[in-house]
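Peer 1: Would you mind keeping the following structure in view while I ask a few things?
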Amino acid sequence: MDTRAYLPAFLAEAREHLQELGLAMLRIEASPDDGLAAEGVFRIAHSLKGMSATMGYDAIVALTHAMEDVFELLRQRTGGLPHDAIDVLSACLDALEAAVEAIAAGADDAAALDPAPLVVRLQALARERTPAQELAREDDLLLAPAGDRLLHVVADLAPECGMPAVRAYMLFEALRVHGELVSGVPALDAVERFAGSRIEAWLATPADAGAIAESVRAVGELAGVEVCEASAPEDRPAHGSQDDLRAGQLAGASAAGHGRSAATVRVDAERLDELLHLTGELVQQRTTIEALVASGEVAAAAPDLPQAVQRLARTSQALQETVTRVRMVPVESVFLRFPRLVRDLAARLGKQVELRLEGADTELDRTVVDALGDPLVHLVRNALDHGLEEPAERTAAGKPPTGLLELRARHAGGHVIVSVRDDGRGIDPLAVGRAAVARGLLDAEAAAALDAAAAAELLFASGFSTATATTDLSGRGVGMDAVRDSVRALGGDARLASEPGVGTVAELR
-11 MDTRAYLPAF LAEAREHLQE LGLAMLRIEA SPDDGLAAEG VFRIAHSLKG
39 MSATMGYDAI VALTHAMEDV FELLRQRTGG LPHDAIDVLS ACLDALEAAV
89 EAIAAGADDA AALDPAPLVV RLQALARERT PAQELAREDD LLLAPAGDRL
139 LHVVADLAPE CGMPAVRAYM LFEALRVHGE LVSGVPALDA VERFAGSRIE
189 AWLATPADAG AIAESVRAVG ELAGVEVCEA SAPEDRPAHG SQDDLRAGQL
239 AGASAAGHGR SAATVRVDAE RLDELLHLTG ELVQQRTTIE ALVASGEVAA
289 AAPDLPQAVQ RLARTSQALQ ETVTRVRMVP VESVFLRFPR LVRDLAARLG
339 KQVELRLEGA DTELDRTVVD ALGDPLVHLV RNALDHGLEE PAERTAAGKP
389 PTGLLELRAR HAGGHVIVSV RDDGRGIDPL AVGRAAVARG LLDAEAAAAL
439 DAAAAAELLF ASGFSTATAT TDLSGRGVGM DAVRDSVRAL GGDARLASEP
489 GVGTVAELR
């Protein structure tokens, strides 16, 4: 099967799954007994394995298969996940991200990923089963399909689904979590050749229809899902032909509350830009026509023209507003990169940090959201390196050892404000003054008169920094001036406010 046409869809979905994996890892780190997070790792590994198998990326398949097996065991345990699981999961995430980016650059996944060492580390996490787990396993094996209800699952693919074989594989894998997959359409051994629009499955399971439908919807790119229950054992399909399978189908009401899911379409960003450009051209031509009609000469020859132009104006304005809304995306796409960044930097700096993300559903134009990434990374690094104190210093100052870092987006009038706030040591006017004198920006008298507001504004001077040593985190002469320049290029502005000993807030408006 030629999979080249499916590559953009694969890359987009793989990156989404890796973002989710990073969030699940952070949840496990905060709460080792978070069963839902462990379930999330298992599900993401399932999905990535299926997608990669269809595309032929064997290195990713090998790693995600091991992740799937190990977390299937770990999520059954009581008492939480072992501490080593975070480090191993972090290494797996790094390796998968490198493999996906290698694929995007035109290389093979094996060029960036050697799964063998990570598989060994994963397997080391899976200790022997407890007696209770072994007993549960034996009970599962003794449970015959006839002892369970048989559910008939029907899922229609959304029109924009570009990888039906991948969806079928993911759906079957999602169902296997709940019981024994008796049979399916496409046939279970021919999923890779599937190119249809409807997937059917027969599942022997003790689970209720609602849980099954929820798992199926999580597969994504589905236009609708129905779950029906067979009424008699003889209606159960065998592992035979598809004619036999269809003979075993029974009519039944769909499970309550399982409506059709909302469909979404992935559109290349360049097409949206082109559509916006053409809409702008249309508005300009409309303005020209309105001017001609206003002159009276053309209107006299065509009495109905003014009304037609008015309708054209309403339609083109509505089109322009719609296209503008289509380009709006939530800032969540930027925010999701920070949990992992904060975790890694905090560990390197020996600091304890609680990250809060608020207003992630706030929408901005796609171009603005894409451009916000670098300024926000700089602000977050500054907050971690300069703002937040180490645990001992915070404790001595009467603060909790864990510092707070908050990323927040909100609407304010006609603007959107994205802020980075920390409860650290704040900006020290004396330290800023000394650095300004050393760089020839102020004399000693002016530096001594600096207050917190003036010191914050001085940080925006070109190349200004209070760092005494150059590191890979700060002190390279690219400071807040670069942040302000980037935001002003988008038609906005950047501001700083700080109170010594209390914290600092940076706002991008």
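All letters in the sequence shown, in the order written, are residues -11 to 497 by the working numbering.
Even glycine gets a Cβ: it sits at the ideal position worked out from N, Cα and C.
Would you list the one or two residues that DSSP bridges to R409?
Peer 2: The count along the sequence shown starts at 1 and reaches residue 409 at position 421. DSSP, once it has assigned bridges, lists E394 and V493 as partnering R409.
Peer 1: Can you tell me whether E487 is buried or exposed, with buried defined as 16 or more other CB within 10 angstroms of its CB?
Peer 2: Here residue 487 refers to the residue found at position 499 when the sequence shown is read from its first residue. Under this definition E487 is an exposed residue.
Peer 1: Work out the CA separation of A87 and R3 for me, nearest whole Å.
Peer 2: Translated into positions along the sequence shown, residue 3 becomes position 15. Translated into positions along the sequence shown, residue 87 becomes position 99. Roughly 11 Å between the two C-alpha positions.
Peer 1: Would E433 be called buried (16 or more neighbouring beta carbons within 10 Å of its own) or exposed?
Peer 2: Translated into positions along the sequence shown, residue 433 becomes position 445. E433 should be labelled exposed.
Peer 1: Taking the beta strand (DSSP E) that M316 falls in, what are its first and last residues?
Peer 2: Here residue 316 refers to the residue found at position 328 when the sequence shown is read from its first residue. First-last of the beta strand (DSSP E) with M316: M316 to P318.
Peer 1: Could you tell me the alpha carbon to alpha carbon distance between G44 and I91, rounded to whole angstroms?
Peer 2: The residue labelled residue 44 in the question sits at position 56 within the sequence shown. The residue labelled residue 91 in the question sits at position 103 within the sequence shown. When rounded, the distance between both Cα atoms is 11 Å.
Peer 1: Span of the beta strand (DSSP E) holding A485?
Peer 2: By 1-based counting over the sequence shown, the position of residue 485 is 497. First-last of the beta strand (DSSP E) with A485: A482 to E487.
Peer 1: Counting pairs of Cβ atoms below 8 Å between the stretch 378 to 397 and the stretch 346 to 357, do you hit three or more?
Peer 2: yes
Peer 1: In the structure shown, what three-state DSSP assignment does C149 receive?
Peer 2: One-based indexing of the sequence shown puts residue 149 at position 161. If DSSP states are grouped into helix, strand and coil, C149 belongs with coil.
Peer 1: Flag this pair as yes or no: are the beta carbons of V49 and L110 separated by less than 7 Å?
Peer 2: As a position in the sequence shown, residue 49 is number 61, starting the count at 1. As a position in the sequence shown, residue 110 is number 122, starting the count at 1. Contact: no.
Peer 1: Could you please give the first and the last residue of the uninterrupted alpha helix (DSSP H) stretch that includes A586?
Peer 2: Because the chain spans -11 through 497 in this model, residue 586 falls outside it and cannot be assessed.
Peer 1: Taking the straight line between their C-alpha atoms, what separation do you get for L163 and E188?
Peer 2: As a working note, residue 163 is residue 175 in the sequence shown. As a working note, residue 188 is residue 200 in the sequence shown. About 11 Å.
Peer 1: DSSP state of T383, grouped into three classes?
Peer 2: In the sequence shown, residue 383 corresponds to position 395, counting from 1. Secondary structure at T383: helix, using DSSP grouped into helix, strand and coil.
Peer 1: Rounded to whole angstroms, what's the CA-CA distance from T303 to Q7? Just pull it up for me.
Peer 2: For the purposes of this step, residue 303 is taken as the residue at position 315 of the sequence shown. For the purposes of this step, residue 7 is taken as the residue at position 19 of the sequence shown. Each residue's alpha carbon lies about 39 Å from the other.
Peer 1: Quick check: what's the CA-CA separation for P70 versus S185?
Peer 2: As a first step, residue 70 must be located in the sequence shown, where it is residue number 82. As a first step, residue 185 must be located in the sequence shown, where it is residue number 197. Using only the alpha carbons, I get a separation of about 42 Å.
Peer 1: In or out: S35 buried (at least 16 other Cβ within 10 Å) or exposed?
Peer 2: In the sequence shown, counting from the first residue as 1, residue 35 sits at position 47. With 16 or more Cβ atoms within 10 Å of its Cβ, S35 is classed as buried.
Peer 1: For S450, does the three-state DSSP call read helix, strand or coil?
Peer 2: As a position in the sequence shown, residue 450 is number 462, starting the count at 1. The answer is coil: DSSP assigns S450 none of H, G, I, E or B.
Peer 1: Could you give the DSSP three-state label for E342: helix, strand or coil?
Peer 2: Here residue 342 is taken as the residue at index 354 of the sequence shown, counted from 1. Note: E342 maps to strand in three-state DSSP.
Peer 1: In chain order, what residues of the same chain lie with their CB nearer than 7 Å to the CB of D416, ignoring the 5 residues before and after it?
Peer 2: By 1-based counting over the sequence shown, the position of residue 416 is 428. P488, listed in sequence order.
Peer 1: Please work out which residues of its chain come closer than 6 Å, Cβ to Cβ, to A41, disregarding the five sequence neighbours upstream and downstream, and give them in chain order.
Peer 2: Locating residue 41 in the sequence shown gives position 53, counting from the first residue. Residues of the same chain with a CB within less than 6 Å of the CB of A41, apart from the 5 flanking positions on each side, are V49 in chain order.
Peer 1: Could you check how far apart the C-beta atoms of M39 and E85 are, in whole angstroms? I think they sit under 8 Å.
Peer 2: Mapped onto the sequence shown, residue 39 falls at position 51. Mapped onto the sequence shown, residue 85 falls at position 97. So it is not a contact: roughly 15 Å between Cβ atoms.
Peer 1: Let me know if A257 comes out buried or exposed under the rule of 16 or more other beta-carbons within 10 Å of its beta-carbon.
Peer 2: Translated into positions along the sequence shown, residue 257 becomes position 269. Flag for A257 reads exposed.
Peer 1: Along the chain, where does the alpha helix (DSSP H) that runs through S185 open and close?
Peer 2: As a working note, residue 185 is residue 197 in the sequence shown. Segment: none, S185 is in no alpha helix (DSSP H) and carries neither H nor E.
Peer 1: Would you identify the three-state DSSP class for R137, choosing helix, strand or coil?
Peer 2: As a first step, residue 137 must be located in the sequence shown, where it is residue number 149. R137 falls in the strand class under three-state DSSP.
Peer 1: Please list, in chain order, all residues of the same chain as R354 whose beta carbon is under 8 Å from its beta carbon, the five residues on each side excluded.
Peer 2: On the sequence shown, residue 354 is found 366 positions in, with the first residue counted as 1. Once the five neighbours on either side are set aside, the close Cβ partners of R354 are A257, L260, R315, M316 and V317.
Peer 1: Closest to R336 by C-alpha separation, out of W190, A436, L372 and D473, would be which residue?
Peer 2: In the sequence shown, residue 336 corresponds to position 348, counting from 1. Ranking W190, A436, L372 and D473 by Cα distance to R336 puts L372 first.
Peer 1: Please report how far the alpha carbon of R328 lies from the alpha carbon of D431, in whole angstroms.
Peer 2: Position 340 of the sequence shown, counted from the first residue, corresponds to residue 328. Position 443 of the sequence shown, counted from the first residue, corresponds to residue 431. One C-alpha to the other measures close to 42 Å.
Peer 1: Assess contact between the stretch 157 to 174 and the stretch 100 to 108, defined as three or more Cβ pairs (one per stretch) separated by less than 8 Å. Is contact present?
Peer 2: no
Peer 1: DSSP on T350, reduced to helix/strand/coil?
Peer 2: Position 362 of the sequence shown, counted from the start, is the residue given in the question as residue 350. Correct three-state label for T350: coil.
Peer 1: Where does L110 fall in DSSP's three states?
Peer 2: Taking the sequence shown and counting its residues from 1, the one referred to as residue 110 is at position 122. Three-state result, L110: helix.
Peer 1: Name the two residues that bound the continuous beta strand (DSSP E) containing T171.
Peer 2: Within the sequence shown, residue 171 is the residue found at index 183, counting from 1. Checking the sequence, you will find Ser at residue 171 rather than Thr. First-last of the beta strand (DSSP E) with S171: E168 to V173.
Peer 1: Tell me, which residues are paired with D144 by DSSP?
Peer 2: Taking the first residue of the sequence shown as 1, we reach residue 144 at position 156. Answer is R186 and G212.
Peer 1: Reducing DSSP to helix, strand and coil, say where E8 ends up.
Peer 2: Looking up residue 8 in the sequence shown gives position 20. It is helical.
Peer 1: Kindly list the residues whose CB is nearer than 7 Å to the CB of R248, restricted to its own chain and excluding five residues on each side of it in sequence; keep chain order.
Peer 2: Position 260 of the sequence shown, counted from the first residue, corresponds to residue 248. Reliability fails at R248, whose pLDDT of 35 lies under 50, so the model's placement of it is uncertain and the value that follows must be treated cautiously. Answer for R248: A211 and G212, listed in chain order.
Peer 1: Quick one: using the 10 Å Cβ neighbour count with 16 as the cut-off for buried, is L24 buried or exposed?
Peer 2: Numbered from its first residue, the sequence shown carries residue 24 at position 36. Exposed, since its Cβ has fewer than 16 Cβ neighbours within 10 Å.
Peer 1: Can you give the Cα-Cα distance for K339 and D332, rounded to whole angstroms?
Peer 2: Here the question's residue 339 lines up with position 351 in the sequence shown. Here the question's residue 332 lines up with position 344 in the sequence shown. So the alpha carbons of these two residues sit roughly 10 Å apart.
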